[in-house]
Amino acid sequence: MIKVSSQLAARMKQVEGFNAGSCFHCGTCAALCPLGYKIVPRKLFREVMLGLEDEVRASIPLIFSCLLCRMCEVNCPQGVHIADNMRSLRVLFNRQEFGLE
Amino acid sequence: MPLPIAPILGIFADNVKKRGSVLPLSKRTATGWAKGLNLPRGGETVLYTGHMYQMIPAIDAMASQMALLENSFLTKFFGIGRVMNKFVSLSFFMGLTASSKKMAHSNQVLRDIVGLLRDADVEFGYLYEDEFYAGALLYDDGLDETFGAHARRVAAHLKKLGVKRLITVDPHTTKMLRQAYPHFVKDFDIEVVNYLEVLAEKHPQAAKQMNGEVVVHDSCVYARYEDICDQPRELLRAAGITVREPELSGKATHCCGGPLESLFPAEAHRISGNRVEQLEAQGKNVVTMCPFCWVNLSKAAGDRLVINDIASALADGRRQAASGS
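For the protein sequence lines, the chains are A and B, in the order given.
Just so you know, my numbering puts the end of the first sequence at 289, numbered straight through with nothing missing.
Just so you know, my numbering puts the end of the second sequence at 331, numbered straight through with nothing missing.
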């Protein structure tokens with residue numbers, strides 16, 4: 189069963205900077221990532237927007253392993269701020285899961 | 007077990023709140039590099055190291071210790087470590103095992119930057135113990151409240167000292183002061199320029215034309231956040247050095263793996279190993295522009311490559327001219 193959280197997207201809105209609405213799932217980001225296919229930003233961002241909180245939570249190690257190197261971002265045909273989005277997810281989980289600010 | 011994210015980030019945040027830096031340095035380690043250079047204290051334009059070059063040998067020592075702990079049962083005790091660190095700076099003690107060779111390298115790079123700026127007739131001061139870490143690791147790891155409070159403290163301090171222009175020396179401090187501070191600090195109006203930009207703009211006459219060739223490894227932060235790609239190449243060419251480009255370079259540069267050293271050391275080593283192979287395909291002499299790139303690639307390359315910071319590569323000419331060789 190998939191649990192959908194109506195809160196996740198709302199909480200992400202409170203964390204400034206997250207915006208993946210224009211992603212059209214081409215996969216350029218994952219193909220260029222120096223980490224290989226371990227991080228798939230398009231999948232992760234879609235899970236965030238759909239409120240699939242458990243899936244997003246399971247990706248915490250991947251969220252914190254992003255290099256923020258912007259290799260994906262400068263090549264994104266839709267101009268999604270992928271590295272900023274990853275950083276915004278860190279802000280969210282630092283607050284929500286780790287009690288860190 | 008992988009290294010636990012929460013207590014490690016907690017230690018970083020606690021250190022900044024309590025001790026002003028993710029990795030507190032002694033006054034001697036932070037400012038010792040400037041000994042004998044007669045840099046004027048303060049002024050409107052100052053060279054701002056942000057402690058990154060000085061910190062990197064200690065970070066490297068800590069990362070090596072963390073790599074040994076990765077996937078061991080000891081990872082369970084990081085929570086206790088965080089509590090202890092509130093009273094005694096564990097990271098400071100871990101940093102005491104920093105390699106003296108790497109510290110000498112970092113100090114020499116900073117001294118070379120001063121020499122290059124002086125040759126280009128740039129006037130500047132230095133803040134000595136009044137200089138602080140800019141907070142890059144906090145920002146990158148998403149510790150925004152702690153970062154914001156730290157940035158406001160640093161900015162207020164700079165304002166009080168009458169600083170109007172900062173000349174930065176590494177990509178991470180440049181990005182923090184130029185992109186993050188204006189966002190977190192109201193009315194942040196200090197001009198931030200990087201020494202490579204300053205040097206390239208001045209078109210300094212090289213003290214001596216060199217004949218060598220180097221493979222350039224761009225920093226991701228310089229290339230894709232700060233748009234500093236052309237300046238290093240212009241400076242190298244002006245010094246008579248032939249620039250060779252690896253498979254991924256300039257705006258398309260490949261990360262050195264450095265950002266993962268504190269939380270995912272094994273993955274960091276895999277990425278730095280991949281980059282070393284790309285660089286090695288173009289030549290043995292490599293220049294880096296970031297202390298993190300230098301330390302990570304040097305570790306991965308071992309004896310396969312000779313890796314030097316761009317400041318030292320550029321300063322070789324002035325050193326040779328001074329010694330008459």
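The C-beta atom is built at its ideal place from N, Cα and C for all residues, glycine as well.
Since the model is a prediction, treat every value here as computed from it, not as a measurement.
Do you know whose CA, among Phe130(B), His260(B) and Val115(B), lies nearest Leu45(B)'s CA?
-> Mapped onto the second sequence, residue 45(B) falls at position 39. When each option's Cα is compared against that of Leu45(B), the closest is Phe130(B).
Rounded to a whole number of angstroms, what is the C-alpha to C-alpha distance between Ser95(B) and Tyr139(B)?
-> Working through the second sequence from its first residue, we reach residue 95(B) at position 89. Working through the second sequence from its first residue, we reach residue 139(B) at position 133. Rounded to the nearest angstrom, the two C-alpha atoms are 16 Å apart.
Nearest neighbour of Tyr228(B), chosen from Asp193(B), Cys299(B) and Phe190(B) [CA to CA] = Here the question's residue 228(B) lines up with position 222 in the second sequence. When each option's Cα is compared against that of Tyr228(B), the closest is Cys299(B).
Can you list the alpha helix (DSSP H) stretches of 4 or more residues lying completely in the stretch 218-243 of chain A, in chain order?
-> Scanning the stretch 218-243 of chain A for uninterrupted alpha helix (DSSP H) segments of 4 residues or longer gives 229-238, listed from N- to C-terminal end.
Buried or exposed: which applies to Asp236(B), given that a residue is buried once 16 or more other Cβ atoms fall within 10 Å of its Cβ?
-> By 1-based counting over the second sequence, the position of residue 236(B) is 230. Burial state of Asp236(B) is exposed, judged by a 10 Å Cβ sphere holding fewer than 16 other Cβ atoms.
Gly287(A) by DSSP, collapsed to three states: which one?
-> Counted from its first residue, the first sequence places residue 287(A) at position 99. Here DSSP, grouped into helix, strand and coil, assigns Gly287(A) to coil.
Any chance you could list the beta strand (DSSP E) runs of at least 3 consecutive residues sitting entirely within the stretch 75-107 of chain B, in chain order?
-> Note on the stretch 75-107 of chain B: there is no whole beta strand (DSSP E) run with a minimum of 3 residues.
Can you tell me which of the three DSSP states Thr174(B) falls into?
-> Start at 1 with the first residue of the second sequence, and residue 174(B) comes out as number 168. Secondary structure of Thr174(B) (DSSP, three-state): strand.
Evaluate the contact criterion for the stretch 7-26 of chain B versus the stretch 237-247 of chain A: three or more CB pairs, one atom per stretch, below 8 Å.
-> The answer is no - the stretch 237-247 of chain A does not touch the stretch 7-26 of chain B, with fewer than three Cβ pairs under 8 Å.
Partner residues on chain A for Leu183(B), Cβ-Cβ distance less than 7 Å | Walking along the second sequence from the start, residue 183(B) turns up at place 177. Per Cβ cutoff of 7 Å: no residues; Leu183(B) is ~17 Å from chain A at best.
Using 10 angstroms around the beta-carbon of His189(B), count the other beta-carbons present and answer buried if the total reaches 16, otherwise exposed.
-> Along the second sequence, one-based indexing puts residue 189(B) at 183. Counting Cβ neighbours within 10 Å, His189(B) comes out exposed, since fewer than 16 surround it.
Could you please give the first and the last residue of the uninterrupted beta strand (DSSP E) stretch that includes Val220(B)?
-> The sequence position of residue 220(B) within the second sequence is 214, counting from 1. Run containing Val220(B): Glu219 to Val222, per the beta strand (DSSP E) assignment.
Would you tell me roughly how many angstroms separate the C-alpha atoms of Leu133(B) and Leu250(A), rounded to the nearest one?
-> Along the second sequence, read from residue 1 onward, the residue named residue 133(B) stands at position 127. Along the first sequence, read from residue 1 onward, the residue named residue 250(A) stands at position 62. In a straight line, the C-alpha of Leu133(B) is about 39 Å away from that of Leu250(A).
Paired residues, beta bridge with Gly131(B) - DSSP = Within the second sequence, residue 131(B) is the residue found at index 125, counting from 1. Val52(B).
Sequence-distant residues of the same chain with beta carbon closer than 7 Å to Leu43(B), five excluded per side | Numbered from its first residue, the second sequence carries residue 43(B) at position 37. Cβ neighbours of Leu43(B) beyond the five flanking positions: Arg117 and Val120.
Taking Cβ-Cβ distances shorter than 7 Å, what residues in chain A pair up with Phe270(B)?
-> If you number the second sequence from 1, residue 270(B) lands on position 264. Result: Ser253.
Simplified DSSP state of Asp309(B), which is helix, strand or coil | Position 303 of the second sequence, counting from 1, holds the residue named residue 309(B). The answer is coil: DSSP assigns Asp309(B) none of H, G, I, E or B.
Within the 8 Å Cβ cut-off, does His260(B) reach chain A?
-> Translated into the one-based positions of the second sequence, residue 260(B) becomes position 254. So yes, His260(B) belongs to the interface.
For Ile247(B) and Tyr201(B), believed in contact at Cβ under 8 Å, the rounded distance | As a position in the second sequence, residue 201(B) is number 195, starting the count at 1. As a position in the second sequence, residue 247(B) is number 241, starting the count at 1. Incorrect: roughly 18 Å between the Cβ atoms, too far for contact.
Going by beta carbon distance, what residues of the same chain come within less than 7 Å of Val115(B), once the five residues before and after it are set aside?
-> Within the second sequence, numbered from 1, the residue matching residue 115(B) stands at position 109. The beta carbon of Val115(B) sits closer than 7 Å to those of Tyr59, Asp315, Ala317 and Ser318, all from its chain and outside the five residues before and after it, given in chain order.
Identify every residue that forms a DSSP beta bridge with Glu197(B).
-> Residue mapping note: residue 197(B) aligns to position 191 of the second sequence, counting from 1. Glu197(B) is bridged to Arg171(B).
Assuming Tyr3(B) contacts Arg258(A) under a Cβ cut-off of 8 Å, what Cβ separation, rounded to an integer in Å, is found between them?
-> Past the edges of chain B, shown from 7 to 331, lies residue 3(B), and the structure says nothing about it.
Within-8 Å CB hit, Glu241(A) to chain B = What you label residue 241(A) is simply residue 53 of the first sequence in a count that begins at 1. Put simply, the CB of Glu241(A) is far from chain B, with every gap to its CB atoms at 8 Å or more.
May I ask you to verify whether the stretch 263-271 of chain A touches the stretch 214-230 of chain A, counting CB pairs closer than 8 Å and requiring at least 3?
-> By the Cβ test, the stretch 263-271 of chain A is in contact with the stretch 214-230 of chain A, since at least three Cβ pairs between them sit closer than 8 Å.
Take Met182(B) and list the residues in its own chain whose beta-carbon comes closer than 7 Å to its own, dropping the five residues that flank it on each side.
-> For the purposes of this step, residue 182(B) is taken as the residue at position 176 of the second sequence. Hits under 7 Å: Ala140, Gly141, Ala142 and Tyr145.
If you follow the beta strand (DSSP E) that Arg250(B) is part of, which residue opens it and which one closes it?
-> As a working note, residue 250(B) is residue 244 in the second sequence. Taken as a continuous stretch (DSSP letters only), the beta strand (DSSP E) holding Arg250(B) covers Thr248 to Arg250.
Can you tell me where the alpha helix (DSSP H) with Asn263(A) in it begins and where it stops?
-> The residue you call residue 263(A) lines up with position 75 of the first sequence. Note, Asn263(A): alpha helix (DSSP H), Met259 to Asn263.
Please report the Cβ distance between Arg230(A) and Ala218(A), rounded to the nearest whole angstrom; I am assuming they are in contact, meaning their Cβ atoms lie under 8 Å.
-> Start at 1 with the first residue of the first sequence, and residue 230(A) comes out as number 42. Start at 1 with the first residue of the first sequence, and residue 218(A) comes out as number 30. The Cβ separation is near 7 Å, so the contact holds.
Proximal chain A residues relative to Asp147(B), where beta-carbon distance stays under 7 Å = Translated into positions along the second sequence, residue 147(B) becomes position 141. Simply Arg278.
Beta carbon of Met109(B) nearer than 8 Å to that of Pro63(B) | Position 103 of the second sequence holds residue 109(B). Position 57 of the second sequence holds residue 63(B). In contact: Met109(B) and Pro63(B) (Cβ atoms closer than 8 Å).
Closest Cα partner of Ala321(B) within the set Cys226(B), Leu122(B) and Asp136(B) | The count along the second sequence starts at 1 and reaches residue 321(B) at position 315. Taking each of Cys226(B), Leu122(B) and Asp136(B) in turn and checking the Cα distance to Ala321(B), the smallest one comes out for Leu122(B).
When the Cα atoms are used, what is the spatial distance from Leu29(B) to Met237(A)?
-> Position 23 of the second sequence, counted from the start, is the residue given in the question as residue 29(B). Position 49 of the first sequence, counted from the start, is the residue given in the question as residue 237(A). C-alpha separation (whole angstroms): 37 Å.
Interface residues of chain B around Arg258(A) at Cβ under 9 Å?
-> Your numbering for residue 258(A) matches position 70 in the first sequence. The contacting residues are Cys226, Val227, Ala229, Arg230 and Tyr231.
Please confirm if Asn282(A) has its CB atom under 8 Å from at least one CB of chain B.
-> Walking along the first sequence from the start, residue 282(A) turns up at place 94. Interface with chain B (8 Å Cβ-Cβ cutoff): Asn282(A) is included.
Give the interface partners of Gly16(B) over in chain A, defined as CB-CB distance under 7 Å, in chain order.
-> On the second sequence, position 10 is the one that residue 16(B) refers to. Under the 7 Å cutoff, chain A gives Leu288.
Beta carbon proximity, Arg245(A) to chain B, threshold 8 Å = Locating residue 245(A) in the first sequence gives position 57, counting from the first residue. Not closer than 8 Å to any Cβ of chain B, the Cβ of Arg245(A) fails to qualify, so no.
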